[in-house]
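Chemist: Questions regarding the structure given below will be posed in turn.
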Amino acid sequence: MAEAPFKMIFRPGVPPAQHKYPGLKYRKTRERGMIVERDVAVPLRDGVKIYADIHRPPGKARVPALIAWSPYGKHRPFQYEYFLNFASVRKEWISPYTLFEGPDPLYWVPRGYAIIHVDVRGVWGSEGDATYWCHDEGRDGYDFIEWAAAQDWCSGKVGMTGVSYLAIAQWQIAAAQPPHLAAINPWEGLSDMYREFAFHGGIPETAFSPIWQKSISYSLNRVEDVLAMMKAHPMFDAYWATKVADFSRIKVPAYVVAGWGDHGLHLRGTLHAYNSIASEHKWL
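According to our numbering, the sequence shown holds residues 9 to 292 in order.
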(Lines of atoms letter the chains of each structure in order from A; the text may use other names.)
(Lines give C-alpha, C1' and ligand atoms only; values in the text may rest on other atoms or scores of the structure.)
Protein backbone atom coordinates (compact mmCIF):
# COMPACT_ATOMS: atom_id res chain seq x y z
CA MET A 9 0.00 0.00 0.00
CA ALA A 10 1.36 3.41 -0.97
CA GLU A 11 2.11 5.82 1.83
CA ALA A 12 -0.11 8.84 2.25
CA PRO A 13 1.43 11.98 0.68
CA PHE A 14 1.49 13.69 4.08
CA LYS A 15 1.21 12.84 7.77
CA MET A 16 -1.59 14.46 9.70
CA ILE A 17 -0.48 16.14 12.92
CA PHE A 18 -2.97 15.85 15.75
CA ARG A 19 -3.19 17.44 19.18
CA PRO A 20 -5.09 16.10 22.22
CA GLY A 21 -8.61 17.40 22.45
CA VAL A 22 -9.58 19.83 25.17
CA PRO A 23 -11.95 18.03 27.61
CA PRO A 24 -15.48 19.10 26.57
CA ALA A 25 -16.53 19.39 30.22
CA GLN A 26 -14.36 22.51 30.38
CA HIS A 27 -16.91 24.23 28.15
CA LYS A 28 -20.17 23.20 29.81
CA TYR A 29 -20.65 20.07 27.72
CA PRO A 30 -23.44 18.09 29.43
CA GLY A 31 -22.32 14.69 28.14
CA LEU A 32 -24.21 12.19 26.00
CA LYS A 33 -27.72 11.14 26.97
CA TYR A 34 -30.36 10.24 24.40
CA ARG A 35 -33.76 11.71 25.17
CA LYS A 36 -36.94 12.44 23.24
CA THR A 37 -39.27 15.22 24.32
CA ARG A 38 -42.05 17.49 23.06
CA GLU A 39 -41.09 21.13 23.29
CA ARG A 40 -42.61 24.29 21.80
CA GLY A 41 -44.65 22.35 19.29
CA MET A 42 -41.70 20.18 18.21
CA ILE A 43 -40.51 16.65 18.74
CA VAL A 44 -36.91 17.03 19.91
CA GLU A 45 -34.49 14.10 19.95
CA ARG A 46 -31.11 14.83 21.49
CA ASP A 47 -27.87 12.89 21.15
CA VAL A 48 -29.06 10.62 18.37
CA ALA A 49 -26.19 8.30 17.40
CA VAL A 50 -25.51 8.15 13.64
CA PRO A 51 -23.07 5.50 12.34
CA LEU A 52 -20.65 6.39 9.56
CA ARG A 53 -19.14 3.96 7.04
CA ASP A 54 -16.10 3.18 9.22
CA GLY A 55 -18.21 2.43 12.30
CA VAL A 56 -17.59 5.76 14.01
CA LYS A 57 -20.69 7.28 15.60
CA ILE A 58 -21.41 10.98 15.55
CA TYR A 59 -24.23 12.63 17.47
CA ALA A 60 -27.05 14.92 16.42
CA ASP A 61 -30.06 16.76 17.80
CA ILE A 62 -33.20 16.49 15.67
CA HIS A 63 -36.10 18.95 15.80
CA ARG A 64 -39.16 17.97 13.77
CA PRO A 65 -42.90 18.51 13.52
CA PRO A 66 -45.21 16.22 15.51
CA GLY A 67 -47.34 13.70 13.68
CA LYS A 68 -46.59 11.09 11.05
CA ALA A 69 -46.07 13.33 8.04
CA ARG A 70 -42.71 12.91 6.30
CA VAL A 71 -40.82 16.20 6.01
CA PRO A 72 -37.61 17.40 4.33
CA ALA A 73 -34.59 17.83 6.57
CA LEU A 74 -32.11 20.69 6.85
CA ILE A 75 -28.68 19.83 8.28
CA ALA A 76 -26.39 22.22 10.15
CA TRP A 77 -22.93 20.60 10.16
CA SER A 78 -20.84 22.15 12.92
CA PRO A 79 -17.83 21.67 15.23
CA TYR A 80 -18.90 24.40 17.65
CA GLY A 81 -21.24 22.38 19.88
CA LYS A 82 -24.93 21.73 19.37
CA HIS A 83 -25.41 22.40 23.09
CA ARG A 84 -24.05 25.98 22.77
CA PRO A 85 -26.66 28.04 20.91
CA PHE A 86 -25.57 31.68 21.37
CA GLN A 87 -21.86 32.40 20.91
CA TYR A 88 -21.92 35.91 19.49
CA GLU A 89 -20.54 37.35 22.75
CA TYR A 90 -17.07 36.62 21.34
CA PHE A 91 -17.55 39.29 18.65
CA LEU A 92 -17.60 43.07 18.79
CA ASN A 93 -21.10 44.27 19.72
CA PHE A 94 -22.29 40.65 19.63
CA ALA A 95 -21.79 40.79 15.83
CA SER A 96 -24.99 42.88 15.82
CA VAL A 97 -27.00 39.75 16.68
CA ARG A 98 -29.53 40.26 19.47
CA LYS A 99 -30.43 37.35 21.73
CA GLU A 100 -34.13 37.95 21.24
CA TRP A 101 -33.78 37.37 17.50
CA ILE A 102 -33.09 33.66 17.89
CA SER A 103 -34.44 30.94 20.14
CA PRO A 104 -32.39 28.84 22.59
CA TYR A 105 -32.69 25.97 20.10
CA THR A 106 -30.57 27.75 17.49
CA LEU A 107 -27.15 26.35 16.69
CA PHE A 108 -24.39 28.97 16.39
CA GLU A 109 -24.36 30.19 12.79
CA GLY A 110 -27.17 27.75 11.99
CA PRO A 111 -30.95 27.70 11.47
CA ASP A 112 -33.52 28.31 14.19
CA PRO A 113 -35.80 25.27 14.60
CA LEU A 114 -38.62 27.46 15.97
CA TYR A 115 -38.75 29.17 12.57
CA TRP A 116 -38.32 26.14 10.32
CA VAL A 117 -40.18 23.33 12.08
CA PRO A 118 -43.60 25.07 11.96
CA ARG A 119 -42.97 25.55 8.25
CA GLY A 120 -42.68 21.82 7.68
CA TYR A 121 -38.98 21.03 8.03
CA ALA A 122 -36.85 18.95 10.32
CA ILE A 123 -33.74 20.71 11.60
CA ILE A 124 -30.71 18.56 12.44
CA HIS A 125 -27.79 19.94 14.42
CA VAL A 126 -24.67 17.78 14.15
CA ASP A 127 -21.55 17.50 16.29
CA VAL A 128 -19.14 16.42 13.55
CA ARG A 129 -16.56 13.66 13.81
CA GLY A 130 -14.19 13.96 16.73
CA VAL A 131 -15.69 16.99 18.49
CA TRP A 132 -17.57 17.11 21.78
CA GLY A 133 -19.11 13.62 22.28
CA SER A 134 -18.77 12.38 18.70
CA GLU A 135 -16.34 9.54 18.14
CA GLY A 136 -13.16 9.49 16.06
CA ASP A 137 -10.39 11.99 15.44
CA ALA A 138 -11.40 15.37 14.05
CA THR A 139 -10.17 16.70 10.71
CA TYR A 140 -11.61 19.79 9.11
CA TRP A 141 -12.86 21.08 5.74
CA CYS A 142 -11.45 18.09 3.88
CA HIS A 143 -12.51 15.31 1.53
CA ASP A 144 -12.93 12.95 4.51
CA GLU A 145 -15.48 15.33 6.00
CA GLY A 146 -17.30 15.26 2.67
CA ARG A 147 -17.63 11.49 2.95
CA ASP A 148 -18.92 11.78 6.52
CA GLY A 149 -21.55 14.24 5.33
CA TYR A 150 -22.53 11.88 2.51
CA ASP A 151 -23.14 9.11 5.05
CA PHE A 152 -25.10 11.38 7.37
CA ILE A 153 -27.37 12.67 4.61
CA GLU A 154 -28.17 9.16 3.42
CA TRP A 155 -28.92 8.12 7.01
CA ALA A 156 -31.26 11.09 7.49
CA ALA A 157 -33.08 10.45 4.21
CA ALA A 158 -33.87 6.89 5.33
CA GLN A 159 -35.57 7.90 8.60
CA ASP A 160 -39.32 7.29 8.86
CA TRP A 161 -40.00 10.98 9.51
CA CYS A 162 -38.05 12.20 6.46
CA SER A 163 -39.47 12.77 2.98
CA GLY A 164 -36.18 11.65 1.45
CA LYS A 165 -35.13 15.19 0.60
CA VAL A 166 -32.25 16.63 2.60
CA GLY A 167 -30.72 20.10 2.39
CA MET A 168 -27.87 21.87 4.14
CA THR A 169 -27.63 25.40 5.51
CA GLY A 170 -25.42 27.54 7.72
CA VAL A 171 -22.70 30.16 7.96
CA SER A 172 -18.88 29.97 7.80
CA TYR A 173 -17.74 26.46 8.83
CA LEU A 174 -21.30 25.26 8.26
CA ALA A 175 -21.06 26.67 4.72
CA ILE A 176 -17.53 25.50 3.89
CA ALA A 177 -18.42 21.92 4.76
CA GLN A 178 -21.30 22.08 2.28
CA TRP A 179 -18.88 22.40 -0.65
CA GLN A 180 -17.07 19.21 0.39
CA ILE A 181 -20.27 17.29 1.11
CA ALA A 182 -22.06 18.37 -2.06
CA ALA A 183 -18.98 17.39 -4.09
CA ALA A 184 -19.31 13.86 -2.65
CA GLN A 185 -22.74 13.76 -4.38
CA PRO A 186 -24.97 12.06 -1.79
CA PRO A 187 -28.03 10.90 -3.75
CA HIS A 188 -30.56 12.45 -1.36
CA LEU A 189 -28.97 15.89 -1.11
CA ALA A 190 -31.63 18.15 -2.64
CA ALA A 191 -30.07 21.60 -2.24
CA ILE A 192 -27.43 23.60 -0.38
CA ASN A 193 -27.47 27.05 1.22
CA PRO A 194 -23.89 28.11 2.02
CA TRP A 195 -23.66 31.49 3.74
CA GLU A 196 -20.18 32.98 3.48
CA GLY A 197 -17.95 29.94 3.16
CA LEU A 198 -14.38 30.09 1.88
CA SER A 199 -13.39 27.73 -0.93
CA ASP A 200 -9.62 27.30 -0.47
CA MET A 201 -8.30 27.02 3.07
CA TYR A 202 -4.71 27.70 2.05
CA ARG A 203 -5.26 30.93 0.14
CA GLU A 204 -8.27 32.30 2.00
CA PHE A 205 -7.57 31.25 5.59
CA ALA A 206 -4.01 30.14 6.33
CA PHE A 207 -1.78 32.03 3.87
CA HIS A 208 -3.21 35.17 2.33
CA GLY A 209 -0.92 35.96 -0.58
CA GLY A 210 1.57 33.49 0.88
CA ILE A 211 1.67 35.34 4.22
CA PRO A 212 0.87 33.20 7.29
CA GLU A 213 -2.29 34.26 9.12
CA THR A 214 -1.48 34.46 12.85
CA ALA A 215 -4.38 36.32 14.48
CA PHE A 216 -7.56 34.38 13.75
CA SER A 217 -6.11 30.90 13.26
CA PRO A 218 -5.12 30.35 16.94
CA ILE A 219 -8.56 31.49 18.07
CA TRP A 220 -10.23 29.18 15.59
CA GLN A 221 -8.02 26.25 16.59
CA LYS A 222 -9.19 26.64 20.18
CA SER A 223 -12.86 26.79 19.19
CA ILE A 224 -12.74 23.50 17.25
CA SER A 225 -10.59 21.54 19.72
CA TYR A 226 -13.14 20.37 22.30
CA SER A 227 -12.93 16.61 21.96
CA LEU A 228 -12.72 13.31 23.82
CA ASN A 229 -10.16 12.21 21.25
CA ARG A 230 -7.62 13.94 18.98
CA VAL A 231 -8.12 16.93 16.72
CA GLU A 232 -6.23 18.12 13.67
CA ASP A 233 -3.50 20.54 14.74
CA VAL A 234 -4.09 23.17 12.07
CA LEU A 235 -1.41 25.48 13.45
CA ALA A 236 1.22 22.72 13.31
CA MET A 237 0.12 21.75 9.81
CA MET A 238 0.49 25.38 8.71
CA LYS A 239 4.10 25.34 9.91
CA ALA A 240 4.79 21.95 8.31
CA HIS A 241 3.12 22.86 4.99
CA PRO A 242 3.87 26.52 4.18
CA MET A 243 3.32 25.92 0.45
CA PHE A 244 0.21 24.62 -1.28
CA ASP A 245 0.63 20.83 -1.50
CA ALA A 246 -1.27 17.55 -1.16
CA TYR A 247 -2.41 18.45 2.36
CA TRP A 248 -4.01 21.70 1.31
CA ALA A 249 -5.46 20.08 -1.81
CA THR A 250 -7.70 17.98 0.45
CA LYS A 251 -9.16 21.26 1.73
CA VAL A 252 -10.46 22.27 -1.72
CA ALA A 253 -13.67 20.68 -2.96
CA ASP A 254 -14.08 19.53 -6.55
CA PHE A 255 -16.57 22.22 -7.52
CA SER A 256 -17.24 20.59 -10.88
CA ARG A 257 -19.02 17.79 -8.98
CA ILE A 258 -21.47 20.12 -7.24
CA LYS A 259 -24.66 19.97 -9.28
CA VAL A 260 -27.48 20.42 -6.75
CA PRO A 261 -29.40 23.70 -6.57
CA ALA A 262 -27.45 26.23 -4.52
CA TYR A 263 -28.63 29.43 -2.82
CA VAL A 264 -25.31 31.09 -2.01
CA VAL A 265 -24.93 34.13 0.25
CA ALA A 266 -21.92 36.48 0.36
CA GLY A 267 -21.28 39.65 2.34
CA TRP A 268 -19.02 42.67 1.96
CA GLY A 269 -18.26 42.70 5.68
CA ASP A 270 -16.00 39.64 5.62
CA HIS A 271 -13.89 40.09 2.51
CA GLY A 272 -10.68 38.90 4.19
CA LEU A 273 -12.02 35.46 5.04
CA HIS A 274 -15.21 34.58 3.18
CA LEU A 275 -16.12 36.91 0.32
CA ARG A 276 -13.46 35.88 -2.19
CA GLY A 277 -14.01 32.18 -1.57
CA THR A 278 -17.79 32.42 -1.70
CA LEU A 279 -17.68 34.17 -5.07
CA HIS A 280 -15.11 31.71 -6.42
CA ALA A 281 -17.17 28.72 -5.33
CA TYR A 282 -20.36 30.20 -6.77
CA ASN A 283 -18.66 30.73 -10.12
CA SER A 284 -17.09 27.26 -10.06
CA ILE A 285 -19.94 24.95 -9.11
CA ALA A 286 -21.68 23.09 -11.93
CA SER A 287 -25.21 23.60 -10.60
CA GLU A 288 -27.74 24.44 -13.30
CA HIS A 289 -29.81 26.28 -10.70
CA LYS A 290 -27.76 28.62 -8.52
CA TRP A 291 -28.36 32.03 -7.00
CA LEU A 292 -26.03 34.53 -5.34
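Ideal Cβ placement from N, Cα and C applies to all residues, glycine included.
Terminal residues of the continuous alpha helix (DSSP H) containing N283?
Modeler: Counting along the chain, the alpha helix (DSSP H) containing N283 begins and ends at 276-284.
Chemist: Between V171 and R84, what straight-line distance do the alpha-carbon atoms span, to the nearest angstrom?
Modeler: Computed Cα separation, rounded: 15 Å.
Chemist: Grab me the residues of F216's own chain with a C-beta within less than 7 Å of its C-beta, minus the 5 sequence neighbours each way, in chain order.
Modeler: Result list for F216: empty, nothing under 7 Å.
Chemist: Would you report the Cα separation of Y59 and D47, rounded to the nearest angstrom?
Modeler: Each residue's Cα considered, the two are about 5 Å apart.
Chemist: Taking only the alpha-carbon atoms, compute the straight-line gap between V234 and D245 and give it to the nearest angstrom.
Modeler: Going by the C-alpha atoms only, they are around 15 Å apart.
Chemist: What's the gap between the Cα of A206 and the Cα of R230?
Modeler: Cα to Cα, A206 sits roughly 21 Å from R230.
Chemist: Closest to E316 by CA distance: which of R53, R19, H63, P30 is it?
Modeler: Residue numbering for the chain in the displayed model covers 9 to 292; residue 316 lies beyond these limits and cannot be assessed.
Chemist: Give the list of continuous alpha helix (DSSP H) stretches no shorter than 4 residues that lie fully inside the region 154-238.
Modeler: Counting only runs of 4 or more, we get 173-183, 216-223.
Chemist: If you check the beta carbons only, do D148 and R129 fall under 8 Å apart?
Modeler: Yes, the Cβ-Cβ distance between D148 and R129 is below 8 Å.
Chemist: Taking 8 Å as the threshold, find out whether the region 275-284 comes into contact with the region 190-204 through three or more Cβ pairs.
Modeler: Yes: the two stretches touch, three or more of their Cβ pairs being nearer than 8 Å.
Chemist: By the three-class DSSP mapping on this structure, what secondary structure does V117 have?
Modeler: In this structure, V117 counts as helix in the three-state DSSP scheme.
Chemist: Flag this pair as yes or no: are the beta carbons of G136 and A184 separated by less than 8 Å?
Modeler: The answer is no: Cβ separation not under 8 Å.
Chemist: Under DSSP, the beta strand (DSSP E) around Y59 begins and ends at which residues?
Modeler: Segment 57-64, the beta strand (DSSP E) holding Y59.
Chemist: Within its chain, find whatever has a CB closer than 8 Å to the CB of F18; leave out the 5 residues flanking it on each side and keep chain order.
Modeler: Correct list, in chain order: D137, R230, V231, E232, D233.
Chemist: Looking at S78: is its Cβ nearer than 8 Å to the Cβ of V126?
Modeler: For S78 and V126, yes; Cβs fall inside 8 Å.
Chemist: Taking the Cβ atom as the reference point for each residue, do L228 and V264 lie within a distance shorter than 8 Å?
Modeler: Cβ atoms of L228 and V264: not closer than 8 Å.
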